[in-house]
Structures are given as C-alpha cells and as structure tokens.
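Asker: In terms of mature numbering (1 follows the signal peptide of the UniProt record, and there is no 0), the sequence shown is residues -29 to -1, 1 to 515.
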Amino acid sequence: MVPLGSLHGACCSLLISLLLVCLLPPGKGQEFLLRVEPQDPVVPARGSLLVNCSTDCPHPELITLETSLLKETVSNGVGWVAFQLSNVTSDSKVLCSSFCNGFQMTGSSDITVYRFPEHVELAPLSPWQPVGKNLTLRCWVAGGAPRTHLSVLLLRGEEELSRQQAVREPAEVTTTVLAGRDDHGANFSCRSELDLRSQGLGLFQNSSAPRQLQTFVLPVTFPHLTVPRFLEVGTSGPLVCTLDKLFPASEAQVQLALGNQMLNTSVSSQGDMLTATATATASAEQEGTREIVCNVTLGGESRETRKNLTIYSFREPTMNLSESTVPEGTTVNVTCAAGARVQLTLDGVPAVAPGQLAQLQINATERDDRRSFFCSATLEVDGLILRRNRSVQLRVLYGPKIDPTKCPQHLTWKDGTTHILQCQARGNPDPQIQCLQESSGFQPPVGIPFRVSLNYSGTYCCRAANSQGTHTLTVVMNVQNRNPLVVTIVMAVLVILGLVTVTAASLYIFGVQKRNDIYHVNQGSTWLPLTSKQPNEVLREEPS
Ligand SMILES: *[C@@H]1O[C@H](CO)[C@@H](O)[C@H](O)[C@H]1NC(C)=O
Ligand SMILES: *[C@@H]1O[C@H](CO)[C@@H](O)[C@H](O)[C@H]1NC(C)=O
Ligand SMILES: *[C@@H]1O[C@H](CO)[C@@H](O)[C@H](O)[C@H]1NC(C)=O
Ligand SMILES: *[C@@H]1O[C@H](CO)[C@@H](O)[C@H](O)[C@H]1NC(C)=O
Ligand SMILES: *[C@@H]1O[C@H](CO)[C@@H](O)[C@H](O)[C@H]1NC(C)=O
Ligand SMILES: *[C@@H]1O[C@H](CO)[C@@H](O)[C@H](O)[C@H]1NC(C)=O
Ligand SMILES: *[C@@H]1O[C@H](CO)[C@@H](O)[C@H](O)[C@H]1NC(C)=O
Ligand SMILES: *[C@@H]1O[C@H](CO)[C@@H](O)[C@H](O)[C@H]1NC(C)=O
Ligand SMILES: *[C@@H]1O[C@H](CO)[C@@H](O)[C@H](O)[C@H]1NC(C)=O
Ligand SMILES: *[C@@H]1O[C@H](CO)[C@@H](O)[C@H](O)[C@H]1NC(C)=O
Ligand SMILES: *[C@@H]1O[C@H](CO)[C@@H](O)[C@H](O)[C@H]1NC(C)=O
Ligand SMILES: *[C@@H]1O[C@H](CO)[C@@H](O)[C@H](O)[C@H]1NC(C)=O
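#1: On the CB-based measure, 16 or more other CB atoms within 10 Å of its CB, does ARG453 come out buried or exposed?
#2: Is the beta carbon of VAL264 sitting closer than 8 Å to the one on ALA228?
#3: Can you find the residues in the same chain that come closer than 6 Å, C-beta to C-beta, to GLY205, ignoring five residues on each side of it along the sequence?
#4: Taking DSSP as the reference, what is the three-state secondary structure of VAL461?
#5: If I measure Cβ to Cβ from TRP99 and keep anything under 6 Å in the same chain, skipping five residues before and after, which residues do I get?
#6: Taking the alpha carbon of LEU4 as the reference point, which residue from ALA16, ILE34, ASP11, VAL13 has its own alpha carbon closest?
#7: Looking at the unbroken beta strand (DSSP E) that takes in TRP384, where does it start and where does it end?
#8: Which class does SER207 belong to by DSSP, given the choice of helix, strand or coil?
#9: Could you check whether LEU245 and LEU214 sit closer than 8 Å to each other, using their CB atoms as the reference points?
#10: Once you ignore the five residues that flank THR252 on each side, which residues in its own chain have a CB closer than 6 Å to its CB?
#11: Could you tell me whether any non-hydrogen atom of ligand 2 is closer than 7 Å to the CB of ARG17?
#12: Using only the alpha-carbon positions, how far apart do ARG312 and GLN332 sit?
#13: Between ILE282 and GLU203, what straight-line distance do the alpha-carbon atoms span, to the nearest angstrom?
#14: Tell me the rounded alpha-carbon separation between LEU470 and SER424.
#15: Report back the beta-carbon spacing between VAL7 and SER80 to the nearest angstrom; my notes put them in contact at under 8 Å.
#16: I want to check one thing, is the minimum distance from the CB of THR38 to the heavy atoms of ligand 2 below 7 Å?
#17: To the nearest angstrom, report how far apart THR77 and SER69 are at their CA atoms.
#18: Just list the residues that DSSP pairs THR213 with in beta bridges.
#19: Quick one: give me the first and last residue of the beta strand (DSSP E) that ASP401 is part of.
#20: Near GLY319, what residues of its chain come up, given a Cβ to Cβ distance below 7 Å and the 5 sequence neighbours on each side ignored?
#21: From this set, ALA308, VAL144, ALA157, VAL303, which residue's C-alpha is nearest THR289's C-alpha?
#22: Does the structure place the region 164 to 184 close enough to the region 217 to 228 that three or more beta carbon pairs sit under 8 Å?
#23: Check the DSSP bridge columns for GLY270 and list the partner residues they point to.
#24: Pick out whichever of PRO141, ASN231, GLU89, ARG182 has its Cα sitting closest to the Cα of PHE159.
#25: Quick check on ARG200: does DSSP put it in helix, strand or coil?
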C-alpha cells in the first residue's frame, strides 16, 4: 500500500505541474529554458555526479531536481542550482524544474551507469585435445554495463577468434576451433571490452585467466616392440619399443615391463618417432614364459603391445669321475648330470629319459689313459634346441712298456762316430729308462748323442721303470774298428803291384831259360836284379 501511496503522490504532483503549465497563461517566462548539465552523462557505478540546473530566466523560482537518487544541493547562484548525486547505481533520468514568471520550465538528462564486468572466465579446456577435432571455447562474463557497449572476445594468444555482444546475465559466448598441431601450447583467453570511447571515455578491457591447450596425435597403430624370443637366466637382452606419427612425441610416456616388473626405460624422440629402450635381465625366479609390455601413453590415451619372452636356465652339465687317476684294472664310474628336462648323452649313449643322469662304468685299461668322456646336454625350450657339452679326461696308471719298434735291439756302429741310443717306453707316470752294459756296468746316455768307442760293444740291458713296475729289453751294440778307404786302396795297390812284379819276374826268368834252355834258379838274388836294375832303367830313359 505504501508504494501505491507514494506513487499516487508523485502522480498528483506531476499532474499539478502539468495543470499549472496548461492553465497559466503564456507570457515572458516561456522564452526561457531550463538547462540540465551534464546532458546524458555516463558515470561509473556508485559514482557521484554534480548536476547543474541553470536557466537564463532573470528571476527563476524554485529550481528543483527530481530524481530517485540521493541528492544534495551543493551550491547555487543566480539562475542555477548545483546538486550532488551520489551512489549512482543504475541508469536513471533526472528532471529539473523551475518557474519563470509563473511559467514552469523543465529539463531532463539521462544518466547512464557503466560498470566493469565482475567476472570474465574461460571454461576449462580438456587437458589434451586430439588434433583434428573441434574444440569449443566457452566464456562467461558476469556484470558489466552498459551491455550495448560491452562485447566479448575469444582469443588465441592475441588473435581474435570471435567477437560477440554480451547478452543475458551472465553473458555466455562460445566458439568452435579446429584443434591443430600449432595449437599445442597456445594460450586461449576471453576478454570483455567496454567501449565508451564515443562517450568520451576509454575502452575498458577485462581478461580471463589464460588457459593453455595441449593437443596431441596418437595413432591407432600399436607400438613396434622388439624383444629377444629367449633369454637365459643371468643374461640380459635389449628391448626396443618404437611408435611413429606421434605428436608431441617428447611428451609421451612409455612403460616397458617384464611381467609385472617395471623396467628402467630410457626414452628418446626424434620428430614424430618415439623410441624407448630397456634391458631385461632374466632371473631364476622368472623362468618360464613372460610377457613384455610396452605401453605408450599420450593425451590420456594409451597404446600397448605385448610379446612373449621365454626365460630358461640351462647350466652346463657336470661330469664326475669316481676317481680321476686310477691304476689299471680299476672300475671307474663316469657320471654326467644336468638340470631337469635336460637330455644327456654320455659317449654317444643317451640317458634313459630327460632329466636323468647318464652313467658309464669302465674297467680302466692302458688304452683309457687320457681318454676323454664327452657328455652332451640338450634342452628344448619352446621349440628351440639348445646344446651344451662337457668332457672329462681319465688318467690310468700303468707299468712301463718298451716298444721294440722304438728301441732297436741290434746296433752296429763304427768306432769314433756319434750316435743316439734310442729307446722309448710307454707308461704312466712317464717311465725312467736306463741301459746297462752287463759286463762292465757302463751306462750310455739314452736319447742323448754320444761318441761311440770300441769298448762300448756288448750286450745292454735296457730297463724302464715307474711306480707301476718295470720292463726290460736287451740291446746288442756292436762297435766296429774304423777301416778307412785310404788304407784299403794302398793295400790294394800294393797287392796289385806285388802281383805285377811277380808276374813280370816270372815271365823274365821263364823267357831267359827258354832262350838259353838253361834255367838257373838263383835263390838268393831273385829280387836283386829287379831292384838294382830299376834305377838304371830310369836313368837311361831320362835323357830321351
Ligand atoms: C552552473 O551553471 C552556471 C551557468 O552556466 C554557471 O555559471 C555555474 O558556475 C555553474 N555552477 C557550477 C557549480 O558549476
Ligand atoms: C548505494 O546503493 C546501493 C543500492 O542501491 C546500496 O546497497 C548501498 O548501500 C548504497 N551505498 C551507499 C554508500 O549509500
Ligand atoms: C568443426 O566445426 C565446424 C563448424 O563449427 C564444422 O564445419 C566442422 O565440420 C567441424 N569439424 C569437425 C571435425 O567436427
Ligand atoms: C602461454 O602461457 C604460458 C604461461 O602463462 C607461457 O609460458 C607460454 O609461453 C604461453 N604460450 C604461448 C604460445 O605464448
Ligand atoms: C576490469 O578492468 C578495469 C580497467 O580496464 C579495472 O580497473 C578493473 O579492476 C577490472 N576488473 C576486474 C574484475 O578485473
Ligand atoms: C636406471 O638407469 C639409469 C641410467 O641408465 C641409472 O642411473 C639408474 O640407477 C637406473 N635405475 C634403476 C632403478 O635401476
Ligand atoms: C598404460 O600405462 C598407463 C599409465 O601408467 C596406464 O594408465 C594404463 O592403464 C596402461 N595401459 C594398459 C593397457 O595397461
Ligand atoms: C604368450 O603366451 C601365452 C601362453 O603362454 C599365450 O596365451 C599368449 O597368447 C602369448 N602372447 C603372445 C603375444 O604371443
Ligand atoms: C679288469 O680287466 C682286467 C683285464 O682285462 C681283469 O684282470 C680285471 O679282473 C678286471 N677287473 C674288473 C674289476 O673287472
Ligand atoms: C659305481 O657305480 C655303481 C652303481 O652304479 C656303484 O655300485 C659303485 O660303488 C660305484 N663305484 C664307485 C667307485 O663309485
Ligand atoms: C660331482 O662332484 C661334485 C663335487 O665333487 C659334487 O658336488 C657333484 O654332486 C658330483 N656330481 C655328480 C653327478 O656326481
Ligand atoms: C658340442 O659338441 C659338438 C660336437 O660334438 C659341437 O659341434 C658343438 O659346437 C659343441 N657345442 C658346444 C656348446 O660346445
């Protein structure tokens, strides 16, 4: 009822004024105007405003200001009154009125309030935006007046994407952007612009906090994972996982895991290619088939590749001899052992079943000395055949044997020459060999060159000995006197000369007897004429 009453009162006063204007006869007062200054001002919200109602009427009466705003008369003068309006919160019309010579004068001014938006906010962006998909930017502007002068801009950096007038409260403005690679890292923001330049004021901007966009490309293909098929316990193998056409490759996360064990992964990127490497080390507890997982995550999505790796353990077989060095005739057990599932073959004889020992029993003979027993182990892992070998050598102790072919039993040597007495014997340990001349006890060196003399002739007893026994062999050495060629030749010449002389002498004597028919045998001087004549014959021949 109260507002109705006051409204009624206001209507009555306005009616009275109108009546007065109509009823009062026109006169001098009509020429004068009532000015309201400033005209149609734009003021900041809650600001104050000095309104000057002035007229040229020489004697104006009752200059008043009609307003719903708080007002205060601050000063007046001849033909003017100044009012201070304060806490101007909304647009309003002020009306000045006065009387001049009984005529009412009125003037009005429209006050426009301007205020900056209280809130400008850009809606949060999705943390990662796929390249090639539309992105909606949404901005809210709360408050701000006058709306006719308020526009909302959506910006990428400083680039204007959209400009719209603010309507409704709060004003909501949207625009769509096709996300590209260039948008990765771009800052988007929203800005309100209150353009009061036409009112003689400025351009007032309020901006939202920027939001940075992350765009990405994650191909639908799976990462390419390279892993070894097999890995032996205690060894390491390289794992390489690559994925191409990835953007931004440097921001992708890669996880390489062996089973449920995360591996220390080093990641590098070149262009759109991502490469992750790790080293898988196989431990005994991981034996069996294990999965290697490569998981590439980008923009909240991930791509995964799995591959199987077989971890196996295959130690060399162990070989044992019941005794490594045995005397001849001893029974020796040869054993070869390996892990489960390993098939063993000892000296060509396979064990009864995989995982079983391979065993061999021998009666050690001389021929088994230095014999190598060979054990081969075979393991099949997921279709892969693995082999390992081991061998062990047996030593058999046996008595010495002098090999007659390596120890000539009849030696014929010349006196004064150098020879080697060859005599070799087998045996383990290596036998010592000595030859002894039975008659004199003389021991020629065996296997070392020595000078032979006549008195070395004789029968020798060669004896080979080691810890396992002895063996003897008789060797006859015949050293002959030296008979040089010169002596033989001289002797031969002498014999021939003798024969020639005898023949010549016989012929001479026989011939003389034939001529004389007398044959005197001069027993004493058979040789003399020959010997005495010879020098004479030589002398006679000389002058010729
Ligand atoms: C009001 O207007 C009159 C006439 O223009 C002027 O003389 C006077 O100084 C003004 N008063 C104020 C307070 O500005
Ligand atoms: C100004 O006006 C508003 C409402 O119109 C009121 O809430 C506020 O208290 C006023 N301020 C002053 C200083 O009078
Ligand atoms: C993105 O939006 C524009 C218009 O807003 C539309 O023409 C275009 O087809 C959209 N593109 C995609 C990939 O949605
Ligand atoms: C976006 O803003 C951040 C910090 O506010 C700045 O580090 C980055 O350089 C800006 N990006 C661009 C493309 O200007
Ligand atoms: C809006 O901008 C004006 C100047 O342009 C500034 O005085 C005011 O504080 C800003 N408002 C907000 C909420 O930031
Ligand atoms: C991972 O590897 C780096 C070097 O390649 C090394 O310094 C670091 O100690 C490793 N971390 C682990 C937990 O093995
Ligand atoms: C890949 O790794 C991410 C981050 O660790 C994880 O959230 C996601 O579940 C993994 N993906 C798969 C298929 O395991
Ligand atoms: C890995 O091996 C398991 C059985 O051991 C099998 O089910 C799985 O399909 C294999 N995975 C791959 C990638 O070959
Ligand atoms: C081993 O063989 C030797 C000769 O062949 C024989 O005398 C000996 O009795 C055998 N020993 C065993 C334990 O069979
Ligand atoms: C060799 O093995 C057999 C059984 O295989 C065993 O009776 C014998 O005692 C073993 N001999 C030695 C010397 O270990
Ligand atoms: C071989 O001998 C070693 C030590 O002498 C022993 O530990 C191993 O068990 C033996 N192996 C076999 C197959 O007898
Ligand atoms: C095992 O021995 C065979 C010959 O018997 C040979 O070909 C192979 O290379 C050997 N393997 C290893 C691992 O020594």
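Cβ coordinates follow ideal geometry from the N, Cα and C atoms, glycine included.
Answerer: Let me spell this out:
#1: Residue 453 sits at position 482 when you count from the first residue of the sequence shown. Classification of ARG453: exposed, given that the 10 Å Cβ count is below 16.
#2: Walking along the sequence shown from the start, residue 264 turns up at place 293. Walking along the sequence shown from the start, residue 228 turns up at place 257. Using a Cβ distance threshold of 8 Å, VAL264 and ALA228 count as a contacting pair.
#3: The residue you call residue 205 lines up with position 234 of the sequence shown. Once the five neighbours on either side are set aside, GLY205 has no close Cβ partner at all.
#4: On the sequence shown, residue 461 is found 490 positions in, with the first residue counted as 1. Taken through DSSP and simplified to helix, strand or coil, VAL461 comes out as helix.
#5: Locating residue 99 in the sequence shown gives position 128, where the first residue counts as 1. Correct list, in chain order: GLN185, PHE187, GLY270, GLY271.
#6: Numbered from 1 along the sequence shown, position 33 holds the residue referred to as residue 4. Minimum Cα distance to LEU4 is reached at ILE34.
#7: Within the sequence shown, numbered from 1, the residue matching residue 384 stands at position 413. Run containing TRP384: 381 to 385, per the beta strand (DSSP E) assignment.
#8: As a working mapping, residue 207 is identified with position 236 in the sequence shown. Residue state, collapsed to three classes: strand.
#9: Working through the sequence shown from its first residue, we reach residue 214 at position 243. Working through the sequence shown from its first residue, we reach residue 245 at position 274. Going by C-beta atoms, LEU214 is nearer than 8 Å to LEU245.
#10: Position 281 of the sequence shown, counting from 1, holds the residue named residue 252. Excluding residues within five positions, the ones whose Cβ falls inside 6 Å are SER207.
#11: Position 46 of the sequence shown, counting from 1, holds the residue named residue 17. For ARG17, the shortest separation between its Cβ and any heavy atom of ligand 2 lies below 7 Å.
#12: For the purposes of this step, residue 312 is taken as the residue at position 341 of the sequence shown. For the purposes of this step, residue 332 is taken as the residue at position 361 of the sequence shown. Looking at the two C-alpha atoms, the distance is approximately 24 Å.
#13: The sequence position of residue 282 within the sequence shown is 311, counting from 1. The sequence position of residue 203 within the sequence shown is 232, counting from 1. Annotation: ILE282 to GLU203 spans about 6 Å, alpha carbon to alpha carbon.
#14: Position 499 of the sequence shown, counted from the start, is the residue given in the question as residue 470. Position 453 of the sequence shown, counted from the start, is the residue given in the question as residue 424. Cα to Cα, LEU470 sits roughly 36 Å from SER424.
#15: On the sequence shown, residue 7 is found 36 positions in, with the first residue counted as 1. On the sequence shown, residue 80 is found 109 positions in, with the first residue counted as 1. With 8 Å as the limit, VAL7 and SER80 qualify as a contact, their Cβ atoms being about 4 Å apart.
#16: Position 67 of the sequence shown, counting from 1, holds the residue named residue 38. No, ligand 2 has no heavy atom inside 7 Å of this Cβ.
#17: Here residue 77 is taken as the residue at index 106 of the sequence shown, counted from 1. Here residue 69 is taken as the residue at index 98 of the sequence shown, counted from 1. Whole-angstrom Cα-Cα distance: 7 Å.
#18: The residue given as residue 213 occupies position 242 in the sequence shown. HIS195, THR246, per the DSSP bridge assignment.
#19: Stepping through the sequence shown from its first residue, residue 401 is reached at position 430. ASP401 -> no beta strand (DSSP E), and no H or E assigned at all.
#20: On the sequence shown, residue 319 is found 348 positions in, with the first residue counted as 1. Closer than 7 Å at Cβ, skipping near neighbours: no residue.
#21: In the sequence shown, residue 289 corresponds to position 318, counting from 1. That would be ALA308, whose Cα lies nearest to the Cα of THR289.
#22: no
#23: The residue you call residue 270 lines up with position 299 of the sequence shown. Partner(s): none; GLY270 has no beta bridge.
#24: Your numbering for residue 159 matches position 188 in the sequence shown. Minimum Cα distance to PHE159 is reached at ARG182.
#25: The residue labelled residue 200 in the question sits at position 229 within the sequence shown. In this structure, ARG200 counts as coil in the three-state DSSP scheme.
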